[in-house]
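The numbers in the working numbering rise by one with no breaks, and the one at position 40 of the sequence shown is 44. Note sheet for the following structure.
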Amino acid sequence: MIEIGVNDGDLVLVRQQSSANEGQVVVALTEDGATLKRFYPEPENHRIRLHPENRSMEDYYVVDCEIQGVAVKVLKDIE
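And the structure:
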């Protein structure tokens with residue numbers, strides 16, 4: 005999520021909720037585990053696109069995922 009300012013070691017404050025609006029950054033639970041991605045449902049294709057906000061990574065497509073919450077803040081250490 006480096007393109008939106010979330011780097012290794014940062015803390016992300018997440019509001020716990022089980023749904024999200026298109027384009028929100030979510031903690032999604034998939035069969036591969038929990039991940040922080042931007043959420044784009046694609047009902048016409050019967051899938052969900054999870055976008056990593058990192059140009060070096062590909063979008064991740066799942067048929068289903070469980071939304072654990074929506075990211076609301078990022079906390080960083082002062083360097």
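Beta carbons: idealized from backbone N, C-alpha and C, even for Gly. Nothing here was measured: the structure is a model prediction, and the numbers come from that model.
In this structure, the beta-carbon distance from G9 to D81 does not fall below 9 Å.
Annotated three-state conformation of P45 is strand, per DSSP. Secondary structure note for Q28: it is in no beta strand (DSSP E), with a DSSP letter that is neither H nor E. Here E57 has M5, I6, E7, I8, V10, V29, K41, R42 as same chain residues with Cβ atoms under 8 Å from its own Cβ, once five neighbours each way along the sequence are excluded. Spatial neighbours of G73 in its own chain (CB-CB distance under 8 Å, excluding positions within 5 residues in sequence) are listed in chain order as V18, R19, Q20, Q21, V30, V31. Annotation: C69 to D63 spans about 14 Å, alpha carbon to alpha carbon.
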